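Residue numbers (the working numbering), protein chains in the order written: chain A, 7 to 326; chain B, 7 to 326; chain C, 7 to 326; chain D, 7 to 326.
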């Protein structure tokens, strides 16, 4: 199902080139002050326009359909919609015969028996992360003191931010794309969030993070490095203020321990590249060459920190 | 909540040193042949006894409380229980004052207001993975043709299996512990499992995998490496038989694409080590030295491949 | 939460005098042909205009926001929205001080800490049954052969349809209102729907039916009369074609038995009456006289058979 | 699924003549004092032994498998099991060919493809209400001040309690059975429980009540009578202390209004009667005569008030 959460429940809807994309938030607390302006800051962080991101322009203006009265949430389901405008569906005509490598074109067609909306990736489009970001703003407001901050720490394998513009330019010139790694840190986390086993905080966060298109991995605290450490190195002794090394990323036994939650997310390079790719043509039943036009990010990871924050906020708003 | 799944629903219960641990499986298909012997093979793979694993011995004998009639599942909830026997609770007396680093002692006490069962980690104990393995056997049987195989590919940072005994011995001699990495591969996966966004296959698998105690990270296909690749390297062109490189680990847009699902899981080193650790004594309110006796794995990752298989089977049984 | 269903999941949103009301249907099968015209028939059955119903006029025109492509459902979440137009909020000004007897004004204010949208009952308005009817149309299409038919069998205690116009006129003249009873029958039900205990068919249907505003009771088969019968009278012997008397309304042990599902639903008289009512004024803290203007049904039960059908279809679409 | 609740989650398991019946309660608050004795009072109210109830004797002794430590709930899943003892399966041999009218024998066999446990009704047995009562005790303790009281108000259509012994004797002498009506009242209910539409209090309570075997109807407040009243009669004006007539049974718009919740439940007469019944023999494919031996209640409704209380407590513990 396209929804998440037990108490603070988020349901996404929409397609890239359909009428609209949007989100219904069921269980948002009443009395949260919320305006279009509140949403626009995070929406702006997701928007294209940075070097290395798509030139598709949308108004990205939120429309409140329900759940808001005199500038405050009412307690009833809150619905936020974004109209689709600047669509160029003709760019996507050829992909029925030649599904784009790395995209959901193929699986969507098989899963939904060729009834899926193929334009712009349809329901699988990254545009669905727009209402996700909107829901994240509401969740952040519901969380009050808890502070969530994500940032890009690596682009194309390079962690030196000063070199990124160069790398992006080069990839663009080659008609190629780059991936990246986002680190998210949550401060002021109360002790005791999460449940043992199936509803561990890592379970919930990873569940939500893998809902973001293009994620390939997630690790908490020392992460994959922990598998190469000794117990005496990795173990995190308590001090008077709580854990001292935070090797477990703020979580023990699935439960928050009061230290900051820390995790990293690996994003693949953008799948849509203008560089020609050899791939199968299901119509001619032969290998063929695909050149993807359209407007695409060189490195969509640049736009993802705010999305990682959003899903993290949604998880925590549900757990709190 | 301590349950997982929408259709094939698994609920864990029990404590390490309580009366029993067990699992209720709601939604298991009727007519599955199931005997104690069927369970014992996978249970044996989880059992201690390998070099580097704990010397605690339990009968680990499954008792069917419900849902089985004349050797077949009935369609009604299936309950499998394991009695606890060989417990030495006195080993755990001191941890109220000095919570063990890396364990849930501290968070469990705070979360449940000091009402939690602290003996042997209580409900947070790794012993709960025993009913999880039992549920995995049922799930595997429900999956029929789908084949799930997990194996340890790294111990203490070393991928050469021939050197593991030496590494384990050395760690044990030092009173220390090691971590490891498990790789899981699923063959014969039908195209179209999973849902876009929140119920993506990666979301569901990672959710279930992080329910296993001691997991620090998960990655699918090219994983974290993908973040350092170019689109033209990472992209996975279709051939006549489907994806050719499987860089996405069998999943596009959250949906299985027919190629094998491939993922890797990082396990931390065992937290309980006999080597003395400096940690906070909440009673004396001073730093103190903790020496953990008890019987513990040098590298519990050795016992986890069958558990990774189990949770994967549970996810797929729910999705199919 | 304002959603229902595990597989065919319906989420309602909107307020009477807000921007819009609508529904997101997650899990609707792909490939269902669906047009505005398809919806208008059932929407028309719910519309006011019959003798004894409100004179409020809305276009009631459905707008498909997502999940529909080239006239067919895509498999992705289907969102149907109805804009609100003909609102007269000033009619509702006084109810903050004097909550209308029989309405949710009072509880909504307390529950949501006076942040609720009070105009026209806000989220509690009967207008929310409009998207419910739309979801019902989709559910009926998903059910194919199963045939659901509800009709009013009693108005104001009278089961002789020929006398209803007279009763309604009289009640209207008195500024009063009437209740009614709806009977619903489902034909061509496959054997085996439902689960024992908590997800019995009666549990699911009654859950959904009590979501309709103004329902006071529900009974299946012989219903309350069964409590006054002997076992030998009530028992339903099998014949070669299945149950012979259908005293249990098509359900045994919570599971459909192949006979038609039959149940009756009691609707209260409309709460909004123009006749003056003595009730408490929370501002003056004295008893006071309330005269409700606005435009209201004399007997809203007249409009409910199609709503009962809708929720029944939603339940069955989820169970099938 | 055989579970109920979002926060306070109850999962039933077991069969009448299997190893055991039981319940897992996930989400029970920590720190509730709980002993076998606490359970025995309500268990005793459900037990046979009253005039008109079955002579089957079970120890009905609860065994705590998990979630209890030093006499208090721990916060982890609480599992309560009851072993089955006094079973006479041979009584049930014939029902494969001739399913008992009014029982689930037939639908269980079809639903689960003849893999169901048929002994004593298997998972559909009324014995499953024993763990339900146990869960109810825990829920009542979790509810603290809220007071739930159910009682039988009608047996065989007669509301004069003094005449019941006579009626029961007569029915027993005739090999027949009687039904009854239970009224449940909940005092000290906080204002604001429940959600509009799908999670209305009536929706939740009716959902849980129809999980009890043998229920034919439920009505709140004025119930079916409301359908025959005028608005001016049924409406419930507010006084300084809240609703004055409680015609809606303590619920407006699905939300509790502070007045007592009041509802009535209709139970059918016991289906198992010793009087011979003409019914279909699926083996001989002819009508045949069935005489049900075994030990059965003349009027099982006598044992149900405590079960109605239990499911009501479970609902409220989940909503609070």
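The beta-carbon is built from N, C-alpha and C at its ideal position, and this holds for glycine as well.
All of these numbers come straight from a predicted model, not from anything done at the bench.
Coil, strand or helix - residue 387/A by DSSP: Here chain A covers residues 7 to 326 and nothing more, so residue 387/A does not appear.
Within-8 angstroms CB hit, residue 37/B to chain D: Here the question's residue 37/B lines up with position 31 in the second chain. Chain D, which has a Cβ nearer than 8 angstroms to the Cβ of residue 37/B, makes this yes.
CB of residue 215/B within 8 angstroms of CB of residue 314/B, strictly: Numbered from its first residue, the second chain carries residue 215/B at position 209. Numbered from its first residue, the second chain carries residue 314/B at position 308. In contact: residue 215/B and residue 314/B (Cβ atoms closer than 8 angstroms).
Near-chain C residues of the stretch 70 to 91 of chain A - C-beta to any C-beta below 9 angstroms: 70, 71, 72, 73, 74, 75, 76, 78, 79, 80, 81, 82, 83, 84, 85 and 87
Contact with chain C by residue 321/A, beta-carbon distance below 8 angstroms: On the first chain, position 315 is the one that residue 321/A refers to. No, because no Cβ of chain C sits closer than 8 angstroms to the Cβ of residue 321/A.
Whole-number beta carbon distance between residue 316/C and residue 139/C, since they are thought to touch under 8 angstroms: On the third chain, position 133 is the one that residue 139/C refers to. On the third chain, position 310 is the one that residue 316/C refers to. Confirmed, about 5 angstroms.
Whether residue 252/B touches residue 229/B by CB criterion (8 angstroms): Position 246 of the second chain, counted from the first residue, corresponds to residue 252/B. Position 223 of the second chain, counted from the first residue, corresponds to residue 229/B. For residue 252/B and residue 229/B, no; Cβs fall outside 8 angstroms.
Cross-chain neighbours of residue 234/A in chain B, by beta carbon under 8 angstroms: Sequence index remark: in the first chain, residue 234/A carries index 228 (1-based). Residues of chain B passing the Cβ test: 160, 162, 163 and 185.
Residue(s) in a DSSP beta bridge with residue 146/B: Here residue 146/B corresponds to residue number 140 of the second chain, with the count starting at 1. BP columns for residue 146/B are empty, so no partner.
CB contact flag (residue 244/A, residue 35/B, <8 angstroms): Here residue 244/A corresponds to residue number 238 of the first chain, with the count starting at 1. Here residue 35/B corresponds to residue number 29 of the second chain, with the count starting at 1. Not in contact: residue 244/A and residue 35/B (Cβ atoms no closer than 8 angstroms).
CB contact check: residue 12/B to chain C, cutoff 8 angstroms: If you number the second chain from 1, residue 12/B lands on position 6. Yes, residue 12/B lies at the interface with chain C (some Cβ there is under 8 angstroms from its Cβ).
Pick from 157/D, 166/D and 202/D that is closest to residue 268/D, judged by C-alpha positions: Position 262 of the fourth chain, counted from the start, is the residue given in the question as residue 268/D. Of 157/D, 166/D and 202/D, the residue nearest in Cα terms is 157/D.
Neighbourhood of residue 210/A by C-beta distance below 6 angstroms, restricted to the same chain and skipping five residues each side: The sequence position of residue 210/A within the first chain is 204, counting from 1. Around residue 210/A: 321.
Three-state secondary structure assigned by DSSP to residue 32/A: In the first chain, counting from the first residue as 1, residue 32/A sits at position 26. In this structure, residue 32/A counts as strand in the three-state DSSP scheme.
CA-to-CA distance, residue 171/A to residue 205/B, given in whole angstroms: As a working note, residue 205/B is residue 199 in the second chain. As a working note, residue 171/A is residue 165 in the first chain. So the two alpha carbons sit approximately 35 angstroms from each other.
For residue 309/C and residue 8/A, the rounded distance between their alpha carbons: What you label residue 8/A is simply residue 2 of the first chain in a count that begins at 1. What you label residue 309/C is simply residue 303 of the third chain in a count that begins at 1. Rounded to the nearest angstrom, the two C-alpha atoms are 32 angstroms apart.
Contact with chain C by residue 113/D, beta-carbon distance below 8 angstroms: As a first step, residue 113/D must be located in the fourth chain, where it is residue number 107. Judged by the 8 angstroms Cβ criterion, residue 113/D is in contact with chain C.
Boundaries of the alpha helix (DSSP H) in which residue 52/B is found, first to last residue: Locating residue 52/B in the second chain gives position 46, where the first residue counts as 1. 42 to 52 is the extent of the alpha helix (DSSP H) around residue 52/B.
Other residues of its chain near residue 133/D: CB distance less than 7 angstroms, five sequence neighbours each side excluded: The sequence position of residue 133/D within the fourth chain is 127, counting from 1. Once the five neighbours on either side are set aside, the close Cβ partners of residue 133/D are 22 and 27.
Beta-carbon neighbours of residue 277/B, restricted to chain A and to distances below 7 angstroms: Working through the second chain from its first residue, we reach residue 277/B at position 271. Those are 237 and 241, listed as they occur along chain A.
Cβ shell of residue 128/D (< 7 angstroms), same chain only, five flanking positions each side left out: Stepping through the fourth chain from its first residue, residue 128/D is reached at position 122. So the list reads 21, 22, 114 and 122, once near-sequence residues are dropped.
Interface partners of residue 21/D on chain B, CB under 7 angstroms: Counted from its first residue, the fourth chain places residue 21/D at position 15. Ordered by position in chain B, the residues that pass the 7 angstroms Cβ test against residue 21/D are 72 and 82.
Beta-carbon contacts of residue 262/A that lie in its chain and below 8 angstroms, excluding the five residues immediately before and after: Within the first chain, residue 262/A is the residue found at index 256, counting from 1. The residues are 195, 196, 197, 198, 199, 200, 207 and 256.
Counted within 10 angstroms of its Cβ, other Cβ atoms place residue 65/C as buried (16 or more) or exposed: Within the third chain, numbered from 1, the residue matching residue 65/C stands at position 59. Per the 10 Å Cβ criterion, exposed.
Between the CA atoms of residue 273/B and residue 182/B - distance to the nearest angstrom: Here residue 182/B refers to the residue found at position 176 of the second chain. Here residue 273/B refers to the residue found at position 267 of the second chain. Rounded to whole angstroms, residue 182/B to residue 273/B spans 15 angstroms at the Cα level.
Three-state secondary structure (DSSP) of residue 199/A: Stepping through the first chain from its first residue, residue 199/A is reached at position 193. Coil, per DSSP.
Collapsed DSSP secondary structure at residue 231/D in the structure displayed: Residue mapping note: residue 231/D aligns to position 225 of the fourth chain, counting from 1. Of the three classes helix, strand and coil, the one that applies to residue 231/D here is helix, per DSSP.
Any chain A beta carbon closer than 8 angstroms to residue 3/B: Outside the displayed span of chain B (7 to 326) sits residue 3/B, for which this structure offers no information.
Pairwise C-alpha distance: residue 10/D and residue 73/A: As a working mapping, residue 73/A is identified with position 67 in the first chain. As a working mapping, residue 10/D is identified with position 4 in the fourth chain. The alpha-carbon atoms of residue 73/A and residue 10/D are separated by roughly 28 angstroms.
Residue nearest to residue 70/D in terms of C-alpha spacing, selected from 81/B, 89/B and 160/B: On the fourth chain, position 64 is the one that residue 70/D refers to. Cα-wise, what sits closest to residue 70/D is 89/B.
Inter-residue spacing [alpha-carbon to alpha-carbon] between residue 160/C and residue 223/C: As a first step, residue 160/C is located in the third chain; it is residue number 154 there, counting from the start. As a first step, residue 223/C is located in the third chain; it is residue number 217 there, counting from the start. Rounded to the nearest angstrom, the two C-alpha atoms are 14 angstroms apart.
Cβ-based contacts, 7 angstroms cut-off: residues of the stretch 166 to 179 of chain B near chain D: none
C-beta neighbour in chain B for residue 119/D, strict 8 angstroms: Walking along the fourth chain from the start, residue 119/D turns up at place 113. Yes, residue 119/D counts as interfacial toward chain B.
Cβ neighbour criterion (16 or more within 10 Å) applied to residue 217/A: Taking the first chain and counting its residues from 1, the one referred to as residue 217/A is at position 211. Its Cβ being crowded by 16 or more others within 10 Å, residue 217/A is buried.
C-alpha distance - residue 137/C paired with residue 15/C, whole-angstrom precision: Here the question's residue 137/C lines up with position 131 in the third chain. Here the question's residue 15/C lines up with position 9 in the third chain. Taking the straight line from one Cα to the other gives about 13 angstroms.
Any alpha helix (DSSP H) of 4 or more consecutive residues that is wholly inside the stretch 168 to 229 of chain D: 170 to 179 and 207 to 215
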